[in-house]
Amino acid sequence: MIVLELRRLLVLLRPHLVSLLLAACLAGVLSVCRGAIVLLVRDVLDALLSQAAVRNVLGLALLLVGLFVVQGGARFGRTWLTRKAALNAEATLRERLFAVLLDRAPADLRQEGLGDALSRLSHDASRVRTAVGAIVTIVQRPLTALAVGASAVVMAPRLALWAALGVPVVALVIGWAGRRTRRAATSHLTTLGALEVVGRDALGGLRTVQAYGAERAARQEYHEANQEQVRAALHTTLFQVSGPPLVELVAALAIGSVVVLGSMEVSSGHMTPSDLVAFLVALALLHEPLKGIAVAHGLWEEARGGLSRVWEALDRPAGVEDSADAKALVGPVTHIQLSGVSVDRGRGLVLRDLDLELRPSEIVVVQGESGAGKSTLLDVLASFVPITHGEVRWNGQPASSWTLASRRAAIALVDQDPWLGRGTLGEAIALGRPGASEAQIAQAAQDAGLPADRGLLLRLPQGLRARVGDGGGGVSSGERQRIALARALLRGADLLLLDEPTANLDAATEARFLSCLRRAAVGCSVVVVTHRAAPLAIADRCFELREGRLHALAPKLRIAGAEA
Numbered sequence: 105m106i107v108l109e110l111r112r113l114l115v116l117l118r119p120h121l122v123s124l125l126l127a128a129c130l131a132g133v134l135s136v137c138r139g140a141i142v143l144l145v146r147d148v149l150d151a152l153l154s155q156a157a158v159r160n161v162l163g164l165a166l167l168l169v170g171l172f173v174v175q176g177g178a179r180f181g182r183t184w185l186t187r188k189a190a191l192n193a194e195a196t197l198r199e200r201l202f203a204v205l206l207d208r209a210p211a212d213l214r215q216e217g218l219g220d221a222l223s224r225l226s227h228d229a230s231r232v233r234t235a236v237g238a239i240v241t242i243v244q245r246p247l248t249a250l251a252v253g254a255s256a257v258v259m260a261p262r263l264a265l266w267a268a269l270g271v272p273v274v275a276l277v278i279g280w281a282g283r284r285t286r287r288a289a290t291s292h293l294t295t296l297g298a299l300e301v302v303g304r305d306a307l308g309g310l311r312t313v314q315a316y317g318a319e320r321a322a323r324q325e326y327h328e329a330n331q332e333q334v335r336a337a338l339h340t341t342l343f344q345v346s347g348p349p350l351v352e353l354v355a356a357l358a359i360g361s362v363v364v365l366g367s368m369e370v371s372s373g374h375m376t377p378s379d380l381v382a383f384l385v386a387l388a389l390l391h392e393p394l395k396g397i398a399v400a401h402g403l404w405e406e407a408r409g410g411l412s413r414v415w416e417a418l419d420r421p422a423g424v425e426d427s428a429d430a431k432a433l434v435g436p437v438t439h440i441q442l443s444g445v446s447v448d449r450g451r452g453l454v455l456r457d458l459d460l461e462l463r464p465s466e467i468v469v470v471q472g473e474s475g476a477g478k479s480t481l482l483d484v485l486a487s488f489v490p491i492t493h494g495e496v497r498w499n500g501q502p503a504s505s506w507t508l509a510s511r512r513a514a515i516a517l518v519d520q521d522p523w524l525g526r527g528t529l530g531e532a533i534a535l536g537r538p539g540a541s542e543a544q545i546a547q548a549a550q551d552a553g554l555p556a557d558r559g560l561l562l563r564l565p566q567g568l569r570a571r572v573g574d575g576g577g578g579v580s581s582g583e584r585q586r587i588a589l590a591r592a593l594l595r596g597a598d599l600l601l602l603d604e605p606t607a608n609l610d611a612a613t614e615a616r617f618l619s620c621l622r623r624a625a626v627g628c629s630v631v632v633v634t635h636r637a638a639p640l641a642i643a644d645r646c647f648e649l650r651e652g653r654l655h656a657l658a659p660k661l662r663i664a665g666a667e668a
């Protein structure tokens with residue numbers, strides 16, 4: 105598994121390979137400098153103990169300063185190149201994940217949790233930065249340990265062999281702490297996603313929360329979720345910080361034993377005092393890379409926990425994908441046929457052997473109780489979800505014969521809670537036809553009834569250039585629906601889909617909206633799913649969706665419903 109994860113990470117880092125190779129070279133320079141410093145310390149001690157000429161000592165001192173300067177420059181270059189590559193890789197991964205999320209079936213994304221998806225997009229994707237830094241450190245620290253260890257072997261082979269007995273213990277400690285860190289980090293990131301879900305849910309329904317005095321309950325729920333993530337974070341931190349002290353303990357035992365054995369070697373004449381001091385300096389310098397390996401390994405395992413959630417999201421199948429031989433749809437959509445369509449959303453069949461035929465200039469209204477599958481029917485028509493059984497045909501050909509992009513280009517959607525974005529009113533409407541002129545946008549707004557009765561366009565001094573607010577929060581429900589209808593009219597689509605378009609409108613606003621919709625139906629197929637009775641008055645055909653199937657409403661029932 106780790107091989108696959110490394111391969112995926114290397115593919116992500118391939119565009120930055122030159123920078124990382126340079127960083128690795130600089131890491132090698134750092135390691136060589138550390139080993140050279142140890143040997144130079146021995147030479148300085150020898151010179152001092154032998155009372156060598158000041159000129160010789162000065163030369164060694166200047167060389168020592170030069171090594172530290174080179175070491176500092178190498179460290180700066182390595183850090184800059186590594187972080188630059190990591191930040192760019194993080195941005196690439198985040199954009200790739202966002203693109204995958206945009207291709208997911210909307211219903212699947214809602215079911216999995218929008219907060220969890222956003223947590224993967226923000227928190228989890230950032231772990232690539234941690235992973236890159238950890239990998240570079242894991243590469244550099246052993247090189248440093250090797251260089252310092254080599255200098256120690258040169259000075260005292262027998263003492264070096266004795267000190268090396270602690271290396272397997274250090275490796276076991278690092279491996280144990282890393283495995284525990286990865287499991288704890290995965291749990292922590294999951295709790296962070298849950299915390300984001302709780303916060304987003306409460307703030308999204310702030311009016312209801314305040315109206316019912318539910319602030320205390322919301323705070324309590326957020327507190328509990330927050331404490332859960334704190335516990336998970338502390339659990340992760342516990343294993344992160346436990347590795348280095350254990351490594352330090354092993355190093356301290358090694359140094360203590362070396363001091364005893366080294367003093368015996370000096371007394372017997374097998375070592376000089378300067379060799380022993382330099383050897384102890386080498387062990388002290390060796391302590392830092394060993395501890396660094398422990399820290400970096402813990403960070404790597406933590407990063408694996410977050411990246412595994414990103415890889416999982418990237419590997420999930422899209423809602424609907426093009427077949428290998430799909431072609432672009434050319435010309436108008438004159439006929440759509442659903443035959444024996446069944447859809448299973450993982451909780452049993454939502455639609456069951458459903459048949460429906462759509463023709464141009466016709467309004468089809470589908471009623472049904474909440475949860476009956478009305479929105480799923482629209483999802484099938486909009487190619488948002490794959491069907492489990494049956495067949496969908498466009499212009500007499502299986503829908504899969506046409507590319508997904510060309511099919512969606514032929515539809516327009518008016519959702520129950522329309523998304524307006526964060527731009528201007530004109531930009532929200534122009535989403536239906538990018539590049540549309542201001543005159544075309546204004547005409548679509550006029551056709552949708554936005555200026556009527558001191559409406560939105562007349563009320564806002566900036567008109568189409570006025571900003572609608574974050575997510576469209578600056579306009580009313582009725583105005584949001586009309587903006588969505590204007591967007592659909594501007595698109596000029598062959599298939600117009602409306603999901604509970606009048607659910608949040610008063611009777612007068614609903615009547616004006618339906619009047620606009622009746623005029624917009626000329627030349628296109630219109631499907632309205634609703635639980636309201638008023639849309640029945642403008643329908644050419646009406647159905648009730650019950651037990652996953654469509655049942656035609658008798659004329660008397662239609663008239664009674666429309667008058668209710």
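Taking the numbering used here, the leading residue of the sequence shown gets 105, the next gets one more, and so forth.
Here a beta-carbon is modelled for each residue, glycine too, at the ideal position from N, C-alpha and C.
Residue i, buried or exposed, once every other Cβ within 10 Å from all chains shown has been counted against 16
{"i": "Asp598", "result": "buried"}
{"i": "Asp220", "result": "buried"}
{"i": "Ser474", "result": "exposed"}
{"i": "Asp483", "result": "buried"}
{"i": "Gly452", "result": "exposed"}
{"i": "Thr438", "result": "exposed"}
{"i": "Met375", "result": "buried"}
{"i": "Leu293", "result": "buried"}
{"i": "Ser135", "result": "buried"}
{"i": "His327", "result": "exposed"}
{"i": "Lys431", "result": "exposed"}
{"i": "Pro538", "result": "exposed"}
{"i": "Glu300", "result": "buried"}
{"i": "Asp429", "result": "exposed"}
{"i": "Ala656", "result": "exposed"}
Length of the line joining the Cα atoms of residue i and residue j
{"i": "Val133", "j": "Ser361", "result": "31 Å"}
{"i": "Val302", "j": "Cys137", "result": "52 Å"}
{"i": "Val107", "j": "Leu113", "result": "10 Å"}
{"i": "Pro421", "j": "Gly217", "result": "16 Å"}
{"i": "Leu600", "j": "Ala590", "result": "12 Å"}
{"i": "Glu332", "j": "Arg304", "result": "17 Å"}
{"i": "Phe617", "j": "Thr606", "result": "8 Å"}
{"i": "Gly435", "j": "Trp404", "result": "54 Å"}
{"i": "Glu194", "j": "Val232", "result": "6 Å"}
{"i": "Arg512", "j": "Arg497", "result": "14 Å"}
{"i": "Leu481", "j": "Pro522", "result": "18 Å"}
{"i": "Ser479", "j": "Trp280", "result": "50 Å"}
{"i": "Leu350", "j": "Gly170", "result": "34 Å"}
{"i": "Leu116", "j": "Asn192", "result": "10 Å"}
{"i": "Leu342", "j": "Ala336", "result": "10 Å"}
{"i": "Gly317", "j": "Arg323", "result": "11 Å"}
{"i": "Ala548", "j": "Val518", "result": "14 Å"}
{"i": "Ala514", "j": "Asp207", "result": "18 Å"}
{"i": "Leu654", "j": "Asn608", "result": "25 Å"}
{"i": "Arg245", "j": "Val173", "result": "19 Å"}
{"i": "Thr196", "j": "Pro210", "result": "23 Å"}
For residue i, the residue or residues it bridges with in DSSP
{"i": "Ile467", "result": "Val630"}
{"i": "Pro104", "result": "A question about residue 104 goes unanswered here, because the residues of the chain that appear run from 105 up to 668."}
{"i": "Val445", "result": "Leu458"}
{"i": "Leu599", "result": "Ile515, Ser629"}
{"i": "Leu649", "result": "Leu654"}
{"i": "Thr528", "result": "Arg571"}
Contact under 8 Å by Cβ, residue i with residue j
{"i": "Ala400", "j": "Ala238", "result": "yes"}
{"i": "Val468", "j": "Ala643", "result": "yes"}
{"i": "Ser230", "j": "Lys188", "result": "no"}
{"i": "Gly410", "j": "Ala289", "result": "yes"}
{"i": "Glu425", "j": "Val630", "result": "no"}
{"i": "Arg569", "j": "Leu524", "result": "no"}
{"i": "Gly402", "j": "Thr241", "result": "no"}
Inter-residue CB distance, residue i and residue j (contact presumed, cutoff 8 Å)
{"i": "Glu495", "j": "Ser443", "result": "5 Å"}
{"i": "Leu433", "j": "Ser446", "result": "About 24 Å; that fails the 8 Å criterion."}
{"i": "Ala398", "j": "Val277", "result": "7 Å"}
{"i": "Gly253", "j": "Leu144", "result": "That pair is no contact at about 16 Å."}
{"i": "Ala249", "j": "Arg182", "result": "Going by Cβ atoms, the distance from Ala249 to Arg182 rounds to 16 Å, so no, they are not a contact pair."}
{"i": "Ser504", "j": "Ser427", "result": "5 Å"}
{"i": "Ala417", "j": "Leu201", "result": "6 Å"}
{"i": "Asp610", "j": "Gly423", "result": "Not a contact, Cβ separation roughly 35 Å."}
{"i": "Val572", "j": "Thr613", "result": "18 Å between Cβ atoms; not a contact."}
{"i": "Gly536", "j": "Leu594", "result": "4 Å"}
{"i": "Gly472", "j": "Leu649", "result": "4 Å"}
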